[in-house]
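Heads up, the sequence shown is in the working numbering, so the first residue is 45 and it goes up one at a time.
Don't be surprised by glycine CBs; every beta carbon is placed ideally from N, CA and C.
To start, the structure itself, in structure tokens.
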Amino acid sequence: MAENSLPPHSRRMEAGHRLSVLVPRPFDGPLDYRSDRPLAPGTLVRVPLGRQELTGCVWDSEPAHLPADFRPASRGKTFAFAKLRPITAVLEHVPPLPDDLRQFIDWVAAYGLSAPGMVLAIALRVPAQAGSMKPLMGWVRKPGPLPDTLRLTPARRAVLEALEQGGPGTTAMLAAQSGASAAVIRGLANAGVLEECLMEASSSAGQADPDHAPPTLSAEQAEAAGALVAGVEERAFNVTLLEGVTGSGKTEVYFEAVAACLRQGRQVLVLLPEIVLTAQWTDRFERRFGIRPAVWHSELGQKTRRETWCAIAEGRQQVVVGARSALFLPFARLGLVVVDEEHENTYKQEEGVLYHGRDMAIVRARLVQGAVILVSATPSMETLVNVQKGRFRHEVLEARHGTARMPEISLIDMKEHGPERGQFLSPLLCESIEARMKAGEQSMLFLNRRGYAPMTLCRACGHRLQCPHCSAWMVEHRRRRILACHHCEYTQPLISACSSCGAQDSLVPIGPGVERIHEEAQARFPDARLLSMASDTLTSPTAMEEAVRKIASREVDLIIGTQVVAKGWHFPDLTLVGVVDADLGLGGGDLRAAERTMQLLHQVAGRAGRGTKPGQVMLQSYAGDHPVMKALLANDFISFMEQEAAQRRPGFWPPYGRLAAVIVSAPKERQAEELARLLAMHAPRGEGIQVLGPAPAPLALLRDRYRYRLLLRTRRDIALQPLLRRWLDGAPRKNDARIDVDVDPVSFM
Numbered sequence: 045m046a047e048n049s050l051p052p053h054s055r056r057m058e059a060g061h062r063l064s065v066l067v068p069r070p071f072d073g074p075l076d077y078r079s080d081r082p083l084a085p086g087t088l089v090r091v092p093l094g095r096q097e098l099t100g101c102v103w104d105s106e107p108a109h110l111p112a113d114f115r116p117a118s119r120g121k122t123f124a125f126a127k128l129r130p131i132t133a134v135l136e137h138v139p140p141l142p143d144d145l146r147q148f149i150d151w152v153a154a155y156g157l158s159a160p161g162m163v164l165a166i167a168l169r170v171p172a173q174a175g176s177m178k179p180l181m182g183w184v185r186k187p188g189p190l191p192d193t194l195r196l197t198p199a200r201r202a203v204l205e206a207l208e209q210g211g212p213g214t215t216a217m218l219a220a221q222s223g224a225s226a227a228v229i230r231g232l233a234n235a236g237v238l239e240e241c242l243m244e245a246s247s248s249a250g251q252a253d254p255d256h257a258p259p260t261l262s263a264e265q266a267e268a269a270g271a272l273v274a275g276v277e278e279r280a281f282n283v284t285l286l287e288g289v290t291g292s293g294k295t296e297v298y299f300e301a302v303a304a305c306l307r308q309g310r311q312v313l314v315l316l317p318e319i320v321l322t323a324q325w326t327d328r329f330e331r332r333f334g335i336r337p338a339v340w341h342s343e344l345g346q347k348t349r350r351e352t353w354c355a356i357a358e359g360r361q362q363v364v365v366g367a368r369s370a371l372f373l374p375f376a377r378l379g380l381v382v383v384d385e386e387h388e389n390t391y392k393q394e395e396g397v398l399y400h401g402r403d404m405a406i407v408r409a410r411l412v413q414g415a416v417i418l419v420s421a422t423p424s425m426e427t428l429v430n431v432q433k434g435r436f437r438h439e440v441l442e443a444r445h446g447t448a449r450m451p452e453i454s455l456i457d458m459k460e461h462g463p464e465r466g467q468f469l470s471p472l473l474c475e476s477i478e479a480r481m482k483a484g485e486q487s488m489l490f491l492n493r494r495g496y497a498p499m500t501l502c503r504a505c506g507h508r509l510q511c512p513h514c515s516a517w518m519v520e521h522r523r524r525r526i527l528a529c530h531h532c533e534y535t536q537p538l539i540s541a542c543s544s545c546g547a548q549d550s551l552v553p554i555g556p557g558v559e560r561i562h563e564e565a566q567a568r569f570p571d572a573r574l575l576s577m578a579s580d581t582l583t584s585p586t587a588m589e590e591a592v593r594k595i596a597s598r599e600v601d602l603i604i605g606t607q608v609v610a611k612g613w614h615f616p617d618l619t620l621v622g623v624v625d626a627d628l629g630l631g632g633g634d635l636r637a638a639e640r641t642m643q644l645l646h647q648v649a650g651r652a653g654r655g656t657k658p659g660q661v662m663l664q665s666y667a668g669d670h671p672v673m674k675a676l677l678a679n680d681f682i683s684f685m686e687q688e689a690a691q692r693r694p695g696f697w698p699p700y701g702r703l704a705a706v707i708v709s710a711p712k713e714r715q716a717e718e719l720a721r722l723l724a725m726h727a728p729r730g731e732g733i734q735v736l737g738p739a740p741a742p743l744a745l746l747r748d749r750y751r752y753r754l755l756l757r758t759r760r761d762i763a764l765q766p767l768l769r770r771w772l773d774g775a776p777r778k779n780d781a782r783i784d785v786d787v788d789p790v791s792f793m
């Protein structure tokens with residue numbers, strides 16, 4: 045019997061309290077449990093689900109904070125109180141999830157049509173770990189005299205003196221302070237001298253000093269910093285784009301806003317697009333504020349994650365820098381969110397719960413009435429349009445800091461100055477590298493392609509080695525002696541015979557990856573000290589930190605890297621950047637292909653000439669007439685973006701319209717195609733609404749699932765979420781078929 049059908053006297057007779065608990069499972073909303081006492085929303089609890097026991101969160105009854113268009117359908121059947129299962133335990137020593145974080149979880153789920161429990165799972169990765177949030181226990185001296193039978197050895201005396209001087213401590217702390225072993229400490233406890241106690245959290249995780257080492261800013265920088273500080277001091281939601289040429293000192297400028305937030309006693313979150321960037325960023329932060337910030341990313345150990353999570357929830361950790369998942373941390377007093385390199389596509393989460401870190405950072409700040417600073421030398425079109433419409437403020441740094449000047453950019457026409465057969469570096473580029481090395485300066489070769497070669501071809505039969513699980517070519521990684529699929533991570537050893545015709549030694553690599561460029565550079569510059577920088581060679585912040593150290597200490601002459609070298613690095617002695625294949629990324633039907641290529645090449649060009657010596661950038665290209673190449677040569681990013689906008693505006697393509705991708709996948713191609721066609725038959729229609737497809741996705745087979753794609757495109761003033769809900773709620777379902785929705789897609793694979 046549903047609760048609302050129970051007579052009033054029956055409700056009064058209920059023993060206990062009904063709780064809505066959100067669990068990290070793909071349900072439409074929270075589940076009902078009973079408790080012997082009332083628990084406030086945000087309390088973390090252990091609850092039974094089937095034969096499992098999960099960590100969940102006591103949830104709010106109604107998501108009243110969501111816009112009406114975003115609110116999910118009302119909850120389904122409500123069970124009689126007597127049928128509810130009781131919660132198992134309350135996590136008493138774990139800080140509750142704050143109101144704004146719960147609202148944020150609801151918002152992310154509603155916006156992207158994700159199950160709220162799966163969004164909650166991101167926030168619960170630390171406290172949901174079994175036993176990870178146990179309270180920290182230590183030892184204290186029991187009151188009263190020592191037992192007459194106790195033999196007071198020097199080691200025992202040292203432990204007691206440590207307790208008297210330093211207060212309660214854990215076994216490890218007391219052992220370090222006294223020099224005694226853990227066995228000695230346990231022996232004192234067994235003798236009744238020590239008793240266990242709950243260790244209080246330290247009052248601070250280390251206080252950053254906003255006045256530790258204030259920088260000397262130029263007049264232009266000081267004006268921009270003043271505007272950012274004013275935005276923080278408003279203590280109200282606002283968004284500012286800090287646009288500045290590469291090397292203009294954007295980080296030092298927004299550090300002034302960080303300092304203003306710290307003076308208010310509020311917390312700061314800084315998002316970076318790649319975790320490998322944290323090492324150099326934290327060094328700069330420490331020089332400015334006298335202490336290193338907390339770091340949050342997937343490479344952290346469980347103990348560090350637990351301590352950081354609790355320190356943030358209790359307000360003891362002031363500044364956090366990390367990847368997009370840091371948005372789901374339980375900040376107690378969040379006042380400022382900075383999104384560095386806001387244009388980067390890596391802010392988009394493309395598996396599991398789909399969301400864009402930049403866009404959700406704005407939502408997170410709005411929920412706490414905080415300020416947002418978006419930082420970029422090449423802002424995204426979405427951000428520029430918001431500036432034009434007056435939604436975002438805008439501060440611009442037009443000059444490099446100090447005496448540094450923007451590099452000279454030139455184009456190498458590969459049709460006229462191409463390399464010898466089987467090579468990929470133009471003689472003009474090689475001559476420039478040699479000249480820089482003779483002058484004691486550093487150079488960089490950039491190619492946004494991992495591995496040795498992107499394709500392997502049989503000369504005998506023309507067969508191309510393809511992933512057995514995806515419609516993608518196998519990439520040769522010669523150093524590891526494997527062939528790898530970069531989509532599903534399938535690998536196999538290198539082979540000598542063609543898997544199609546059996547011909548021996550007939551397989552040849554087609555095209556270059558960074559490993560092949562490294563090989564060519566070694567042969568071309570035998571005395572040069574080379575360093576490769578790619579995501580599969582520098583797999584952790586520690587490895588990247590060591591690479592940066594070598595470059596900074598002049599142990600490297602030539603850097604060869606992928607896009608990880610394009611973002612944020614400051615190498616004062618790097619004066620030449622050579623782009624091996626500037627045309628890479630311009631092909632295909634991607635809506636943002638030209639914009640992305642422009643941003644990437646502009647960013648990597650910005651690594652040159654950041655010190656006192658002039659910089660040079662050389663672009664190897666077969667498409668010198670392309671608008672991207674012309675804009676790069678003219679150093680005119682804004683005109684290029686205006687041209688891009690003119691092409692998108694008439695067809696209401698983003699950001700002038702709304703877009704959602706609906707991807708249908710199944711183990712058999714016919715299943716996926718049939719369901720996609722049925723969806724198309726029931727697609728929403730109306731003025732300003734268009735559904736494109738279905739058509740096989742560009743990556744038509746991924747992890748053994750065939751994929752078809754439909755695109756829902758609407759005018760900007762039409763909300764996507766209600767259309768998608770009505771469309772997909774009534775959609776037919778097929779066995780083993782799955783429907784995934786990507787609102788505001790950045791990838792069309």
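Practice problem: Starting from residue 619, trace the beta strand (DSSP E) both ways and give me its first and last residue. | Solution: Looking at the DSSP string, the run of the beta strand (DSSP E) that includes residue 619 is 618–623.
Quiz item: Which word fits residue 294, buried or exposed, when buried means at least 16 other C-beta atoms lie within 10 angstroms of its C-beta?
Solution: Classification for residue 294: buried.
Quiz item: When the distance is taken between beta carbons, is residue 678 closer than 9 Å to residue 626?
Solution: A distance of 9 Å or more separates the beta carbons of residue 626 and residue 678.
Self-check item: Nearest-angstrom Cβ-Cβ length linking residue 366 and residue 341, presumed shorter than 8 Å
Solution: 5 Å
Quiz prompt | residue 758, DSSP secondary structure in three states | solution = When DSSP states are grouped into helix, strand and coil, residue 758 belongs to the strand group.
Exercise. Write down the C-beta distance between residue 780 and residue 715 rounded to the nearest angstrom, noting that I regard them as a contact closer than 8 Å.
Key: 7 Å
Quiz prompt | Sequence-distant residues of the same chain with beta carbon closer than 6 Å to residue 588, five excluded per side | solution = 320, 323 and 582
Quiz prompt | Three-state secondary structure assigned by DSSP to residue 487 | solution = DSSP places residue 487 in strand when its eight states are reduced to three.
Quiz prompt | Which of helix, strand or coil DSSP assigns to residue 697 | solution = coil
Practice problem: Measure how close the beta-carbons of residue 604 and residue 595 come, nearest whole angstrom, since I'm counting them as under 8 Å. | Solution: A Cβ-Cβ distance of about 12 Å is found for the pair residue 604 and residue 595, leaving them out of contact under the 8 Å criterion.
Practice problem: Specify, as a first and last residue, the run of the beta strand (DSSP E) that residue 77 falls within. | Solution: 75–79
Quiz prompt | Neighbourhood of residue 601 by C-beta distance below 8 Å, restricted to the same chain and skipping five residues each side | solution = 481, 486, 487, 569, 572, 573 and 574
Self-check item: Rounded C-alpha distance that separates residue 399 from residue 392
Solution: Straight-line spacing of the CA atoms in residue 399 and residue 392 works out to 6 Å.
Quiz prompt | Buried/exposed call for residue 403, threshold 16 Cβ in 10 Å | solution = buried
Quiz item: For residue 77, which residues from the same chain have a beta carbon less than 7 Å from its beta carbon, with the 5 sequence-adjacent residues on both sides left out?
Solution: Only 63, 65, 91, 128, 129, 130 and 131 meet the Cβ criterion.
Exercise. For residue 500, I'd like the list of residues in its chain whose CB is within less than 8 Å of its CB, leaving aside the five on either flank, ordered along the chain.
Key: 508, 509, 517, 518, 520, 527, 551, 552, 553 and 554
Quiz item: When DSSP labels each residue in this structure, what does residue 556 get in the three-state scheme?
Solution: If DSSP states are grouped into helix, strand and coil, residue 556 belongs with coil.
Quiz item: Is residue 440 buried or exposed, if buried means 16 or more other CB atoms sit within 10 Å of its CB?
Solution: exposed
Self-check item: For residue 262, the first and last residue of its enclosing beta strand (DSSP E)
Solution: No beta strand (DSSP E) holds residue 262; DSSP gives it neither H nor E.
Quiz item: With respect to the beta strand (DSSP E) encompassing residue 381, which residues constitute its N-terminal and C-terminal limits?
Solution: Per DSSP, residue 381 belongs to the beta strand (DSSP E) from 378–384.
Quiz item: So, residue 284 versus residue 443, is the Cβ gap smaller than 9 Å?
Solution: no
Quiz item: Does the segment 344–359 touch the segment 617–625, meaning 3 or more C-beta pairs lie closer than 8 Å?
Solution: no
Quiz prompt | Residue of 153, 146, 98 and 148 minimising C-alpha distance to residue 72 | solution = Closest by C-alpha distance to residue 72, out of 153, 146, 98 and 148, is 153.
Exercise. For residue 377, collect the residues of the same chain with a Cβ closer than 6 Å to its Cβ; drop the 5 residues on either side in sequence, then sort them by chain order.
Key: 310, 311 and 359
Exercise. Just grab the DSSP bridge partners of residue 603 for me.
Key: 488 and 575
Quiz item: By Cβ distance below 7 Å, which residues in the same chain neighbour residue 317 in space, the five residues on each side in sequence not counted?
Solution: 385, 388, 390, 391 and 611
Self-check item: Own chain partners of residue 720 with C-beta closer than 6 Å, once the 5 adjacent residues on each side are dropped
Solution: 708, 738 and 752
Exercise. Classify residue 505 as buried or exposed, calling it buried when 16 or more other Cβ atoms lie within 10 Å of its own Cβ.
Key: exposed
Quiz item: Taking the alpha-carbon positions, what's the residue 674 to residue 637 distance?
Solution: When rounded, the distance between both Cα atoms is 16 Å.
Quiz item: In this structure, does DSSP put residue 791 in helix, strand or coil?
Solution: Residue 791 carries a coil assignment under DSSP once its states are collapsed to helix, strand and coil.
Self-check item: Identity of the residue in 576, 590 and 363 nearest residue 314 by Cα
Solution: 363
Quiz item: To which residues of the same chain is residue 771 closer than 6 Å at the C-beta, ignoring the five residues directly before and after it?
Solution: 728
Exercise. Pair every Cβ in the segment 526–543 with every Cβ in the segment 422–433, then say whether three or more of these pairs are closer than 8 Å.
Key: no
Practice problem: Compute the Euclidean distance between the alpha carbons of residue 254 and residue 264, then round it to the nearest angstrom. | Solution: 21 Å
Practice problem: Taking residue 333 and residue 252 to be in contact with their CB atoms under 8 Å, please state how far apart those CB atoms are, rounded to whole angstroms. | Solution: 4 Å
Quiz item: So which of 540, 201 and 598 has the shortest CA-CA distance to residue 483?
Solution: For residue 483, the nearest C-alpha among the options comes from 598.
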